[in-house]
Amino acid sequence: MRIALFATCLADTLYPEAAKATVRLLERLGHEVVFPFEQTCCGQMHINTGYQRDALPLVKRYVSVFDPFDVIVAPSGSCVGSIRHQHATVAANLGEAGLAARAHDVGSRTYELSELLVDVLEVEDVGAYYPHTVTYHPTCHSLRMTRVGDKPLRLLRQVRGLTLVELPLAEQCCGFGGTFALKNAETSSAMLADKMTNIVSTGAEVCTAGDASCLMHIGGGLQRKDAGVTTVHLAEILAATS
Amino acid sequence: MNSKDLILGRVRAALRDAPGPVEVPRDYRRSFPAADLEVLVDRLVDYKAEVHRIGEDAIAATVGGLVGGAVVVPEGLPLSWRPQGALVDDNLTPDRIAGAAAVLTGAAVAVAETGTIVLDASPDQGRRIISLLPDVHFVVLRAAQVVASVPEAVARLDPTRPLTWISGPSATSDIELNRVEGVHGPRHLHVLLLDS
Amino acid sequence: MTTFLGMPATAPRGVGNLRGDETFPAAAHHALADDQLRRNLRHATTTIRGKSGRVIAELPDWQELRSAGSALKAFVMANLDSLLEQLEARVTAAGGVVHWAADANEANAIVLDLIRRTGSERVIKVKSMATQEIGLNEALEAGGIQPIETDLAELIVQLGNDKPSHILVPAIHRNRAEIREIFLKSMPGVDPDLTDDPPVLAAAARKYLRETFLSTTVAVSGANFGIAETGTLAVVESEGNGRMCLTLPDTLITVMGIEKVVPSWPDLEVFLQLLPRASTGERMNPYTTMWTGVTPGDGPQNFHLVLLDNGRSAVLADPAGRAALHCIRCSACLNVCPVYERTGGHAYGSVYPGPIGAVLSPQLTGVADNASLPYASSLCGACFDACPVKIDIPSMLVHLRNKVSHPAAERAAMRAAAYTMDHPKLYARAQRAAKLARIAGRRGRGLPPPFSGWTASRDLPEVPQQTFRDWWASR
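Protein chains in written order, with UniProt numbering: chain U, 1 to 242; chain F, 1 to 196; chain W, 1 to 475.
Have a look at this one:
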């Protein structure tokens, strides 16, 4: 299958390993990955901070860059959620009905990585090997906007060598929330503190998730505490073979 | 301009976008099997109500055996239900009602699924005040008055009558969100469930 | 020519309790420093989430009920004018008197006048969000009338000279030991040997209020539902204080927001299943009282219904925001909100705290008066899933953020970022520049605001040697 990769601006810039792992994994499974260079950012930060007008060119860009592809994947439940549930709304709010229809259409062809694997490619055992104790943070947008359900867990359970441990109160937000972490930094930090306590309580070596943004937040906190737990994107675990 | 016209004018202006006709989906459960009395009892007990499954002829004795003082009864309560020394509500003062040991009423309908009993101020239930002030409320419930669900109860009731929906004794969740039984309403609810 | 009769208006300033003194982040700062508050909130919200989840799971048609509730409320909003006129006609026909209050000032004046005409110098009150919203107690006190809150939590708040912090449980921020202290200090005639056992505390409130219930001739309530078809009003409660207020006095004055109207009697079958399970986590709340006008010989013989706008028409005017009026005040969104759980309700500054407050308060007042509230959320979406009438609070928060007047520096930065993102070559250059710009120092601890908020508790990520697109280009 020919799959277009939307790397997301965050993975492209700060977490390239997550995007590289997505490429390696899909290629290992026998698929062709293409990366349209004109892509940049889905515009979620602008949309969610109250700058939908500034986001409009980014919505247009995403739609025109990815419209030619039947299947698009992004290693982020949050960006996929925005593409699927916000792009058309932003376009419609700003009087761009034609763009809204196209955004809706492209959004319906855009998948979060675990969705692509389980629903489209119909694979749960991706042949990965990852000999570590891992706990999974579901991330709010993967869970409640993109609604990936237990697909990441089904994929993780098939990874050889991996011990999966349950995260207490997993469904509670880590406190990231985009610019929320800046505008309400103290509340965000209080939420993060509880998330970290729960992560550390599992005894896991690694906390994984399907969103680099939440992992940046959680990882930044764990590192500050020298908590001894590292954060690794789901794609990197699924891509690992030795 | 009076405030009614002002508000309605504002509302009409607010609806200038003419939101389209709204279809209400009614695919929630609307038909139900016969009420399961065991479910009703389970729910009532869960609320810390006490349930007595007795015959109609045992009502007076059961009530009389559980409380010593005066028992307020509405004027329309069947004579055979009334315990010894029943205090008939012929427009009793609030103080006399409050001073009684208990009140005994019938009911209009009950909901098994939620453990709810509804009074509609019919003659066997009386004015709302009498089932409110005494500390103990005895309710006689016939099996035929029990429905399975809330929609069935709503369908049976006449909204123009004063309705009191009762689910267990008075309670509060205001202290640490834990339920505590017994605040201003009757602290004890006894349901006399007539089976046949 | 109805268009000349008035444009939708927000709630007036200077009256009521919809505006805080501080921004949300500033108010949250105090709350976050209060460990006892956070323990109390965590305990209470954890308890209620568990209870609610268990009883909701019992209903196989919970999602269908939510959809019906949502659609019913949308129907109400779309037909609000005719439903209100129908309600007025039915209440009047049943012996009640209907008053229309355009805002808090008018509602307070109407209620004060009605009480004065009875000659009573005090009123008993059933817990009511609408009267909290309009500052009725303050207005009555200023007018020489003593309002007595009879709901246990409202009583705790009133005796403690405190403010409510939750829609359902206004004293949720207090634990049993604190409640005991408040009672010992402020409850007339309280037993000095009072313990902090919840049944003992509840019994103290019963004893304290009993005589008041029996001797007060006027009550003020809110309403959960007002049925247009029949003129029936409903109050959903637990303790029996509602029954006392709705049954014992000669005069009952009910203040109801105009959005609380429900089309027809059978529609209650939906809301009476949704509200208790979402709210207190009970299959049914202990008591619900329903009355239609005046019933001769039973209950208050004088009934007044005050229909309140106070900004609701302004909420209604925004098609993307009007669903905030669908709220049935269950408070499920508060109980699942990770922000509320940590900051408590006072941080929101309004009587409507939590996620629903963050969308309702700014719309009632105009966003300029509550500009920080739409940002008081991480957009985690838990509120949307918990809402029994499916209000899409996260989308509404995002919508309202577009109406906020943004700080100039932020606006400039966001605009520059968007411009860069829309020019891939510029974007790629900016990515590479990030690698060089190690101004932050090790772990980013030297950053200026707003990034210092991040680095107070979180390290910044290491900037990688190579961006993804450079890696891809080099393959």
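Backbone N, C-alpha and C fix where the C-beta goes; we use that ideal spot for every residue, glycine too.
Within its chain, find whatever has a CB closer than 8 Å to the CB of residue i; leave out the 5 residues flanking it on each side and keep chain order.
i: MET1 of chain W; result: Confidence at MET1 of chain W is low in this model, with a pLDDT of 37, below 50, so the placement of that residue is unreliable and no value is reported for it.
i: VAL169 of chain W; result: ALA44, ALA153, SER331
i: ALA434 of chain W; result: VAL463
i: TYR427 of chain W; result: THR420, MET421
i: GLY321 of chain W; result: VAL315, VAL359, GLN363, MET396, HIS399, LEU400
I'd like the list of long-range same chain contacts for residue i, defined as Cβ closer than 7 Å, with 5 residues on each side in sequence excluded.
i: VAL339 of chain W; result: ALA376, SER377, SER378
i: residue 492 of chain W; result: Any property of residue 492 of chain W remains undetermined from this structure, which presents chain W solely from 1 to 475.
i: ALA130 of chain W; result: GLY222, VAL255, MET256, GLY257, LEU308
i: ASP12 of chain U; result: ALA19
i: LYS51 of chain W; result: GLY281
Among the options, which residue has its Cα nearest to the Cα of residue i?
i: ILE59 of chain F; options: F:THR164, F:THR172, F:VAL154, F:VAL140; result: F:VAL140
i: VAL150 of chain F; options: F:TRP165, F:HIS137, F:ALA144, F:ALA143; result: F:TRP165
i: SER372 of chain W; options: U:CYS9, U:LEU29, U:LEU10, U:THR49; result: U:THR49
i: GLY135 of chain W; options: W:ALA78, W:ARG19, W:ARG90; result: W:ARG19
i: GLY20 of chain F; options: W:PRO424, W:SER313, W:ALA71, W:ALA28; result: W:ALA71
i: ASP54 of chain U; options: W:PRO450, W:GLY453, W:ALA418; result: W:ALA418
i: GLN346 of chain W; options: W:VAL126, W:PRO25, W:PRO394; result: A small correction: the amino acid at residue 346 of chain W is His; Gln does not occupy that position in the sequence shown. Out of W:VAL126, W:PRO25, W:PRO394, W:PRO25 has the C-alpha closest to the C-alpha of HIS346 of chain W.
i: THR133 of chain U; options: U:LEU222, U:LEU164, U:PHE35, U:PRO168; result: U:LEU164
i: residue 484 of chain W; options: W:PRO188, W:GLY293, W:THR247, W:ALA177; result: This structure gives no information on residue 484 of chain W, because the portion of chain W shown stretches from 1 to 475.
i: ALA456 of chain W; options: U:CYS214, U:GLU186, U:VAL229, U:GLU122; result: U:GLU186
i: ARG142 of chain F; options: F:ALA102, F:ILE7, F:VAL109; result: F:VAL109
Which residues in chain U have a C-beta closer than 8 Å to the C-beta of residue i? List them in chain order.
i: GLY381 of chain W; result: CYS140, HIS141, LEU143, ARG144, MET145
i: GLN431 of chain W; result: ASP12, THR13
Are the Cβ atoms of residue i and residue j separated by less than 8 Å?
i: ILE115 of chain W; j: VAL218 of chain W; result: yes
i: ALA100 of chain F; j: VAL71 of chain F; result: yes
i: ASP151 of chain W; j: ASN17 of chain W; result: no
i: THR230 of chain W; j: THR116 of chain F; result: no
i: ALA148 of chain F; j: ASP42 of chain F; result: no
i: GLY96 of chain W; j: HIS304 of chain W; result: yes
i: LEU41 of chain W; j: GLY281 of chain W; result: no
i: VAL73 of chain U; j: TYR111 of chain U; result: yes
i: GLU239 of chain W; j: VAL136 of chain F; result: no
i: GLY349 of chain W; j: ASP21 of chain W; result: yes
i: LEU133 of chain F; j: PRO78 of chain F; result: no
i: SER313 of chain W; j: VAL11 of chain F; result: yes
i: VAL59 of chain U; j: ALA103 of chain U; result: yes
Among residues of its own chain, excluding the 5 on either side of residue i, which ones have a beta-carbon nearer than 6 Å to its beta-carbon?
i: CYS140 of chain U; result: CYS173
i: GLY311 of chain W; result: THR10, ALA11, LEU364
i: THR3 of chain W; result: For THR3 of chain W, the predicted model reports a pLDDT of 44, less than 50, meaning its position is unreliable; a value from the coordinates is still stated below. Around THR3 of chain W: no qualifying Cβ.
i: residue 203 of chain F; result: Any question about residue 203 of chain F goes unanswered here, given that chain F covers just 1 to 196.
i: ARG2 of chain U; result: GLU32
i: ARG54 of chain W; result: none
i: ALA128 of chain U; result: VAL159, LEU238, ALA240
Just to make sure I have the definition right: I need the residues of chain W whose C-beta is within less than 7 Å of the C-beta of residue i. Which are they?
i: HIS46 of chain U; result: MET414, ALA418
i: ASN142 of chain F; result: Looking at the sequence shown, residue 142 of chain F is not Asn but Arg. None at all; the shortest Cβ gap to chain W is about 20 Å.
i: LYS20 of chain U; result: PHE468, TRP471
Taking C-beta pairs closer than 9 Å, name the residues in chain U that residue i reaches, listed in chain order.
i: GLY453 of chain W; result: ALA181, LEU182, LYS183, ASN184, ALA185, GLU186, SER188, SER189
i: GLN363 of chain W; result: The premise fails here: GLN363 of chain W is roughly 15 Å from chain U at the closest Cβ pair, so nothing lies under 9 Å.
i: PRO147 of chain W; result: Result: empty, since nearest Cβ-Cβ is about 34 Å, beyond 9 Å.
i: LEU378 of chain W; result: Checking the sequence, you will find Ser at residue 378 of chain W rather than Leu. Within 9 Å Cβ-Cβ: CYS140, CYS173, CYS174, GLY175, PHE176, GLY177, GLY178, PHE180, ALA181, ASN184, THR187, SER188, MET191.
Can you pull the chain W residues whose beta carbon is under 9 Å from the beta carbon of residue i, in chain order?
i: ARG29 of chain F; result: LEU59, PRO60, ASP61, GLU64, LEU65
i: LEU58 of chain U; result: ALA418, MET421, ASP422
Along chain U, which residues have their Cβ under 7 Å away from the Cβ of residue i?
i: TRP472 of chain W; result: PHE35
Taking residue i as the query, report the chain F residues whose CB atoms sit under 7 Å from its CB, ordered along the chain.
i: PHE75 of chain W; result: VAL22, VAL24
Could you tell me which chain W residues have their CB closer than 8 Å to the CB of residue i, listed as they occur along the chain?
i: HIS190 of chain F; result: Neighbours of HIS190 of chain F on chain W: none; closest Cβ ~15 Å, over 8 Å.
Quick one: which unbroken alpha helix (DSSP H) runs of 4-plus residues sit fully inside the UniProt domain "Cysteine-rich" (134-218) of chain U? Chain order, please.
Complete alpha helix (DSSP H) runs here, min 4: 151-157, 180-183, 185-201.
To test your reading of the DSSP string, which unbroken beta strand (DSSP E) runs of 3 or more residues are found completely within the region 20-54 of chain U?
Listed in chain order, they are 32-34.
Which complete alpha helix (DSSP H) runs does the UniProt domain "LUD" (97-194) of chain F hold, if anything under 4 residues is left out?
Listed in chain order, the complete alpha helix (DSSP H) runs (minimum 4 residues) inside the UniProt domain "LUD" (97-194) of chain F are 150-156.
With 7 Å as the C-beta to C-beta threshold (strictly closer), list the residues of the region 221-235 of chain U near chain B in chain order.
Included in the structure are the protein chains U, F and W, with no chain B among them.
Entirely within the region 144-172 of chain W and at least 3 residues each: give me those beta strand (DSSP E) ranges in chain order.
You should have 146-149.
Fully enclosed by the region 55-139 of chain W, which beta strand (DSSP E) runs are 3 residues long or longer?
Secondary structure remark: continuous beta strand (DSSP E) runs of at least 3 residues inside the region 55-139 of chain W, in chain order: 97-101, 122-125.
Within the region 57-99 of chain F, ranges of the beta strand (DSSP E) (whole runs, at least 3 residues)
Counting whole runs of 3 or more residues, the region 57-99 of chain F contains the beta strand (DSSP E) stretches 71-73, 86-88.
Can you list, in chain order, the stretches of the beta strand (DSSP E) that have 3 or more residues and sit fully within the region 189-222 of chain W?
Fully contained in the region 189-222 of chain W are the following beta strand (DSSP E) runs of length 3 or more, in chain order: 218-221.
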